[in-house]
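Numbering (full-length UniProt numbering), first residue to last: 1 to 553.
Each residue gets a CB set at the ideal place from its N, CA and C atoms; glycine is no exception.
Just below is one structure, and these are the notes that go with it.
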């Protein structure tokens with residue numbers, strides 16, 4: 001627990017011009033304030049044994065060029081206190097093991113190669129001496145969820161195996177993978193296949209399809225899926241309608257959501273969530289007058305605006321840093337008997353912190369105390385973020401340690417915030433120790449966990465640690481996505497590691513991902529500068545429309 005003299009320092013340093021009274025500082029005495037709250041986390045996947053690293057081999061069209069560059073001492077450097085953990089990690093290729101490869105490892109090696117189509121993936125898998133009974137299809141799909149060709153190839157290969165049938169959950173997972181890759185023709189073919197299997201299509205399937213269509217701004221098609229929902233064996237009820245509206249709103253199609261609402265509101269019984277989704281959509285689009293109209297219609301249908309309704313307005317005003325109206329909404333909530341919840345307070349505190357009003361952000365604790373509202377892991381994560389952004393890392397560390405004492409277990413978001421802060425301040429040892437602690441706490445990392453670590457390794461030229469992190473991702477079934485490939489290519493380019501940058505670029509393109517023009521141009525310009533002409537030409541062949549570097553006279 002933070003002691004009184006610690007909280008005095010925490011509050012006073014946030015706003016040195018203001019004299020805070022002693023009573024206002026009591027809000028930082030966490031043990032007297034908060035009861036035990038827990039946040040569940042998914043257990044981290046246990047390592048299989050040694051796996052090949054995700055680091056791609058240097059393409060021959062790069063490696064055979066004499067670039068004149070030599071490996072630096074930073075490449076193989078590992079923080080001494082973490083050397084044992086890294087070197088004994090069961091997957092790092094640089095430290096071979098005598099253990100035989102498991103079937104999952106063998107198939108992972110096969111699937112890491114880029115393939116032009118799922119059919120070629122199936123051929124490669126058929127050529128192995130393995131069968132679906134030897135592996136976990138679920139694990140393989142997760143590992144390659146951002147490489148739809150490999151994932152779909154595994155899916156097809158597995159279902160053709162004798163005595164094996166995909167579960168509805170795996171079909172739904174594959175639907176989401178294809179939707180994320182915008183392979184909608186294949187997705188719809190898969191839906192038809194599921195329809196024939198009877199009972200495989202459920203509301204979760206429909207949600208995934210509508211969400212992916214809306215994210216691709218194919219709003220009319222998302223609505224059409226809803227209209228045909230009963231043909232697919234799913235009831236057309238308010239839960240399904242809310243899923244449609246939510247997908248449209250999150251895809252920035254609130255106008256389409258409103259049109260669907262008008263069309264369907266007379267034939268489907270509504271609930272308060274239906275209106276709150278539309279309120280959120282209009283607030284997100286900064287159309288607050290339209291959001292107010294929805295509140296009025298909500299009343300007409302016999303539903304009272306609730307905490308969720310007003311929190312949407314608070315979020316919109318916070319985005320505009322209009323804290324006068326934030327306070328006005330809080331007053332309106334009190335008048336109508338709506339108590340703010342942890343989400344409401346987290347939004348306000350985060351916005352105050354981002355606006356540089358650290359003192360005001362910390363005062364949110366006092367507001368929570370008065371309302372007997374208990375902070376959750378998201379609130380703590382936001383507070384840690386605010387303190388870290390202002391350079392108050394010691395205070396952030398104390399909050400991180402204290403939340404556990406208050407019974408609030410750090411989740412992936414909390415760890416990601418701490419790791420990102422450490423990486424941003426070049427605290428390499430601290431960042432990697434947090435990843436290790438996350439592993440020990442059975443808190444499963446996600447792609448956001450690794451992004452700042454990978455960026456830091458590129459910046460510091462820690463190639464051995466980079467290799468370790470990519471292997472660690474693979475072991476936790478975290479697939480490299482487009483954003484991460486872009487981060488790696490950019491970071492390695494900026495650090496002069498052009499061979500590795502080319503390797504990741506080629507792997508990204510051959511997996512069917514579209515490279516940003518700015519990344520292509522950067523890589524070509526760097527290769528031109530280092531006189532790596534063949535490599536430059538190969539990149540231009542991979543992405544034909546990349547611009548030639550500007551020549552200077």
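| query | result |
| --- | --- |
| Close beta carbons around residue 161, own chain, < 7 Å, minus the five adjacent residues each side | 131, 132 |
| For residue 233, the nearest candidate out of 205, 408, 129, 444 (CA to CA) | 205 |
| Sequence-distant residues of the same chain with beta carbon closer than 7 Å to residue 264, five excluded per side | 241 |
| Close beta carbons around residue 489, own chain, < 6 Å, minus the five adjacent residues each side | 501, 504, 505, 519 |
| Residue 408 in three-state terms, based on DSSP | coil |
| Residue 381, enclosing alpha helix (DSSP H) - first and last residue | 377-389 |
| Whole runs of the alpha helix (DSSP H) within the region 216-267, excluding any shorter than 4 residues | 219-227, 238-250, 254-264 |
| Residue from 323, 370, 377, 143 whose Cα sits closest to the Cα of residue 356 | 323 |
| Supposed close pair residue 214, residue 251 - CB separation, criterion 8 Å | 3 Å |
| Neighbour-count burial assignment, residue 200, 16 or more Cβ in a 10 Å radius | buried |
| Counted within 10 angstroms of its Cβ, other Cβ atoms place residue 209 as buried (16 or more) or exposed | buried |
| Residue 123 - DSSP class collapsed to helix/strand/coil | helix |
| Extent of the continuous alpha helix (DSSP H) run through residue 508 | 498-510 |
| Check whether residue 314 and residue 347 have beta carbons under 8 Å apart | yes |
| The region 333-346 / the region 361-381 touching (three or more Cβ pairs under 8 Å) | yes |
| From 373, 257, 164, residue whose alpha carbon lies closest to that of residue 219 | 257 |
| Outcome for residue 386 when other beta-carbon atoms lying within 10 angstroms are tallied against a minimum of 16 | buried |
| Reference residue 350; option with closest CA among 516, 364, 338, 124 | 364 |
| Span separating the alpha-carbon of residue 404 from that of residue 197 | 47 Å |
| Residue 51 classed as buried or exposed, judged by whether at least 16 other C-beta atoms fall within 10 angstroms | Because residue 51 sits at a pLDDT of 40, beneath the cut-off of 50, its placement in the model cannot be relied upon, and the following sentence gives the value as read from the coordinates. Looking at its Cβ environment, which holds 16 or more other Cβ atoms inside 10 Å, residue 51 is buried. |
| Inter-residue Cα distance where the pair is residue 224 and residue 300 | 28 Å |
| Residue 302 burial status per 10 Å Cβ neighbour count (16 or more: buried) | exposed |
| Run of the alpha helix (DSSP H) containing residue 458, from where it starts to where it stops | 447-460 |
| Three-state class that DSSP yields for residue 151 in the structure shown | helix |
| Contact set for residue 195: own chain, Cβ-Cβ below 7 Å, skip 5 residues either direction | 201, 232 |
| Inter-stretch contact at 8 Å, needing at least 3 Cβ pairs: the region 410-428 / the region 448-462 | yes |
| Endpoints, the alpha helix (DSSP H) within which residue 426 is located | Premise fails: residue 426 is in no alpha helix (DSSP H) and is neither H nor E. |
| Opening and closing residue of the alpha helix (DSSP H) in which residue 275 lies | 272-284 |
| Three-state class that DSSP yields for residue 311 in the structure shown | helix |
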